[in-house]
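Peer 1: Got a structure for you, written out below as structure tokens; questions coming shortly.
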Amino acid sequence: MNLRNRIGLYGAYMLGMAGIGFTLPFLPLYLAEKGLSDRQIGVVSTLAALTALAQFPIGLWADRLQWRKPFLLAALVLLAASTILLPAGHGVLALGVLVVLFAENGICRALVESLSGAEAATLAAPDRVGAALGALRLFRPIGVVAVALVGGLWAERHGVGSILTWLAVIQSLAVVACFFLQDQNRLARRQMTDLVNHDALAVRSAARRSGYDRGLWAFVAVMVLFHFCNAPGGVYLGLFLKRDLHAPDRMLAYAFVISMLTWMVMAWPAGYLADRIGRRPLLIAGWLTMALRLVLIAVAGTAWQIVTIQVLDGVASGLFSVLAGAWVIDRLGDARRASEAQAIVGSSLVFGSALGPAVAAQVVDAWGYRGLFGALAVVGGGATLALIAFVPESLRAAGAASPGEAELALPSPALELVSGEALAIRPEVRHADH
């Protein structure tokens with residue numbers, strides 16, 4: 005990846021996702037100040053999460069065009085516009101529409117997350133996909149932590165709503181950064197899609213594309229369970245700290261920041277190691293860490309213990325953010341389907357993040373916060389066992405066809421990159437099967 009693409013991709017991703025530093029600690033409070041009830045805030049947040057499922061068809065469309073920049077740019081423009089317009093919004097309908105575009109789990113940030121990951125994987129060398137995703141994901145916590153820390157100090161002096169004034173500038177700069185992104189191989193990949201015999205490329209992964217890939221479906225299930233277990237912490241961990249452990253308000257910020265900082269430390273090494281030792285060992289470590297964190301929260305006795313335990317949240321989330329996308333890209337077996345791979349991961353995240361808090365709301369009243377986290381730990385342990393039993397390694401198999409596929413596969417066309425801009429297919433190879 006050249007310098008211009010690094011500035012464009014990393015800059016757009018970091019600045020675009022930086023707004024999460026406002027949405028997680030401050031958005032519910034801001035919406036309450038604007039007159040929305042707790043129930044209305046919950047409904048709007050759920051609708052925002054559901055709209056994020058649109059990333060899957062949009063990802064397929066981007067793969068078909070082999071051009072992700074227009075979709076990424078549109079998402080960033082809508083994100084900036086919603087940030088600018090949010091202070092002027094009034095009423096449930098107007099605020100609801102703006103929150104759907106602005107929220108952490110809304111359609112715009114979901115697209116920025118998945119399309120940026122797909123572009124990083126596409127621009128990387130085939131043996132460095134994990135490292136490329138790790139380098140990209142490093143920039144998310146940098147922006148989030150910076151906005152959260154500065155926003156907290158700013159809100160104490162000028163009010164929560166005043167944060168949106170300078171946050172709008174940050175989100176607008178993300179749009180500017182996106183214009184630097186220039187995929188020099190887009191034309192080449194587009195010509196490859198048009199010229200290469202489709203059947204020759206399709207045979208190798210026909211079973212997977214038809215929806216009967218058991219390993220892929222198993223991985224989707226354990227990804228959903230990962231977020232089913234992890235998401236309720238975002239809703240109830242702060243309440244547990246405040247109500248049961250009587251923690252001061254600053255502890256809530258500490259718990260959030262320590263998780264993000266650990267995520268930042270984990271992201272790049274996770275990708276680097278995944279390219280060398282495989283995806284599966286680190287995936288198992290991520291799921292085990294998620295379950296262990298929930299067990300420790302359930303038995304924690306002080307607020308400082310919870311803050312310390314949040315290091316494990318950063319480890320688990322950092323591993324997931326890099327390795328899940330890399331595993332699915334490997335499994336699909338076609339670099340041109342990178343957006344689809346990232347959308348599968350993102351859709352699993354959305355589904356699990358919506359289902360987890362919904363079920364947790366029914367459990368917490370009966371079992372309390374400790375009982376809730378203990379029950380989630382049991383589910384997390386089951387998800388880890390399912391991962392070990394049903395999800396295979398993807399890295400070594402990414403470039404190899406099975407014996408049956410090898411028998412059916414047509415001769416592969418020999419592709420050459422001419423002047424870095426176009427692909428030429430050698431005529432003698434192209435017609436070898438006639």
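Heads up: the sequence shown begins at 5 in our numbering, then just goes up one per residue. Backbone N, C-alpha and C fix where the C-beta goes; we use that ideal spot for every residue, glycine too. Everything numeric in this text was worked out from a predicted model, so none of it was measured.
#1: How long is the line joining the alpha carbons of Y258 and V303, rounded to whole angstroms?
#2: Take the Cβ of F183 as the centre, count every other Cβ of all protein chains shown within 10 Å, and call the residue buried at 16 or more, exposed below.
#3: DSSP three-state label for T306, please.
#4: Using CA coordinates, which residue listed in W331, G100, K73 is at the minimum distance from A222?
#5: Just checking my contact of G4 with A56 at CB under 8 Å: how many whole Å lie between their CB atoms?
#6: Alpha helix (DSSP H) containing H250: first to last residue?
#7: Tell me whether P273 sits in a helix, a strand or coil according to DSSP, three-state version.
#8: Span of the alpha helix (DSSP H) holding M18?
#9: Would you give the residue range spanned by the alpha helix (DSSP H) that A362 belongs to?
#10: Which residues in the same chain as L90 place their Cβ atom closer than 7 Å to its Cβ, once the five residues preceding and following it in sequence are excluded?
#11: Any idea if G147 is buried or exposed, counting beta-carbon neighbours within 10 angstroms, 16 or more meaning buried?
#12: Near A139, which residues of its chain fall below 6 Å by C-beta distance, leaving aside the five closest residues on each side in sequence?
#13: Excluding the 5 residues preceding and the 5 following K73 in the sequence, name in chain order all residues of the same chain whose CB lies nearer than 6 Å to its CB.
#14: Round the Cβ separation of A328 and V349 to the nearest angstrom and send it over; I've been treating them as touching at under 8 Å.
#15: According to DSSP, is F183 helix, strand or coil?
#16: What residue from A36, I24, R283 has the CA that sits closest to H94's CA?
#17: Since I believe Q44 is in contact with V96 (beta carbons under 8 Å), could you give me their beta-carbon distance rounded to a whole number of angstroms?
#18: Mark D279 as exposed unless 16 or more other C-beta atoms lie within 10 angstroms of its C-beta, in which case mark it buried.
#19: Are the segment 169-178 and the segment 281-295 touching by the rule of at least three beta carbon pairs closer than 8 Å?
#20: State the CB to CB distance for the pair L335 and Q70, rounded to an integer number of angstroms; the pair is presumed to be in contact (CB under 8 Å).
#21: Tell me whether the beta-carbon of V395 lies closer than 8 Å to the beta-carbon of L287.
#22: Taking only the alpha-carbon atoms, compute the straight-line gap between Y17 and M268 and give it to the nearest angstrom.
#23: If you draw a straight line from the alpha carbon of A511 to that of R283, how long is it in whole angstroms?
#24: May I have a chain-ordered list of the alpha helix (DSSP H) segments no shorter than 4 residues that lie completely inside the segment 42-99?
#25: Going by DSSP in three states, R132 sits in which element: helix, strand or coil?
#26: Determine the extent of the alpha helix (DSSP H) in which R218 is found, giving its start and end residues.
#27: Excluding the five sequence neighbours on either side, which residues of its own chain have a C-beta within less than 6 Å of the C-beta of Y14, listed in chain order?
#28: If W371 and A379 are in contact, beta carbons under 8 Å, what's the gap, nearest whole angstrom?
#29: Can you list, in chain order, the residues of its chain whose CB lies under 7 Å from that of V149, leaving out five sequence neighbours each side?
Peer 2: Put simply:
#1: Here residue 258 is taken as the residue at index 254 of the sequence shown, counted from 1. Here residue 303 is taken as the residue at index 299 of the sequence shown, counted from 1. Using only the alpha carbons, I get a separation of about 19 Å.
#2: Counting from one through the sequence shown, the residue named residue 183 turns up at place 179. Its Cβ having fewer than 16 others within 10 Å, F183 is exposed.
#3: Along the sequence shown, one-based indexing puts residue 306 at 302. In the structure shown, T306 sits in coil (DSSP, three-state: anything other than H, G, I, E or B).
#4: Walking along the sequence shown from the start, residue 222 turns up at place 218. For A222, the nearest C-alpha among the options comes from W331.
#5: The chain is shown only over 5 to 438; residue 4 falls outside these bounds and no answer can be derived.
#6: Taking the first residue of the sequence shown as position 1, residue 250 is located at position 246. Looking at the DSSP string, H250 is not in any alpha helix (DSSP H), and its letter there is neither H nor E.
#7: Start at 1 with the first residue of the sequence shown, and residue 273 comes out as number 269. Of the three classes helix, strand and coil, the one that applies to P273 here is helix, per DSSP.
#8: Looking up residue 18 in the sequence shown gives position 14. M18 -> alpha helix (DSSP H) spans 7-21.
#9: Mapped onto the sequence shown, residue 362 falls at position 358. Its alpha helix (DSSP H) spans residues 342-394.
#10: Locating residue 90 in the sequence shown gives position 86, where the first residue counts as 1. Only L102, F106, L168 meet the Cβ criterion.
#11: Along the sequence shown, one-based indexing puts residue 147 at 143. So G147 counts as buried.
#12: Taking the first residue of the sequence shown as 1, we reach residue 139 at position 135. Counting only Cβ-Cβ distances below 6 Å, and skipping sequence neighbours, we find W272.
#13: For the purposes of this step, residue 73 is taken as the residue at position 69 of the sequence shown. Excluding residues within five positions, the ones whose Cβ falls inside 6 Å are L185.
#14: Within the sequence shown, residue 328 is the residue found at index 324, counting from 1. Within the sequence shown, residue 349 is the residue found at index 345, counting from 1. About 5 Å; that satisfies the 8 Å criterion.
#15: Along the sequence shown, read from residue 1 onward, the residue named residue 183 stands at position 179. Of the three classes helix, strand and coil, the one that applies to F183 here is coil, per DSSP.
#16: Residue numbering aside, residue 94 sits at position 90 when the sequence shown is read from its first letter. It is A36.
#17: By one-based count along the sequence shown, residue 96 stands at place 92. By one-based count along the sequence shown, residue 44 stands at place 40. Contact flag correct, Cβ pair sits at about 6 Å.
#18: For this step, residue 279 is matched to residue 275 along the sequence shown. It is buried - the Cβ of D279 has at least 16 other Cβ atoms within 10 Å.
#19: no
#20: Position 331 of the sequence shown, counted from the start, is the residue given in the question as residue 335. Position 66 of the sequence shown, counted from the start, is the residue given in the question as residue 70. As written in the sequence, residue 335 is Arg, which differs from the Leu given in the question. The pair is not a contact, with the Cβ atoms about 20 Å apart (cut-off 8 Å).
#21: Walking along the sequence shown from the start, residue 395 turns up at place 391. Walking along the sequence shown from the start, residue 287 turns up at place 283. Yes, they are a contact pair.
#22: Here residue 17 refers to the residue found at position 13 when the sequence shown is read from its first residue. Here residue 268 refers to the residue found at position 264 when the sequence shown is read from its first residue. Distance between the alpha carbons of Y17 and M268 is about 14 Å.
#23: Nothing about residue 511 can be reported from this structure: the residues present for the chain run from 5 to 438 only.
#24: 42-55, 59-69, 73-89
#25: For the purposes of this step, residue 132 is identified with residue 128 of the sequence shown, where counting begins at 1. Helix.
#26: Counted from its first residue, the sequence shown places residue 218 at position 214. Here the alpha helix (DSSP H) through R218 covers 218-243.
#27: Taking the first residue of the sequence shown as position 1, residue 14 is located at position 10. Taken in chain order, the residues that qualify are F143.
#28: Indexing the sequence shown from 1 puts residue 371 at position 367. Indexing the sequence shown from 1 puts residue 379 at position 375. With 8 Å as the limit, W371 and A379 qualify as a contact, their Cβ atoms being about 7 Å apart.
#29: Taking the first residue of the sequence shown as 1, we reach residue 149 at position 145. Taken in chain order, the residues that qualify are G25, V261, M264, L265.
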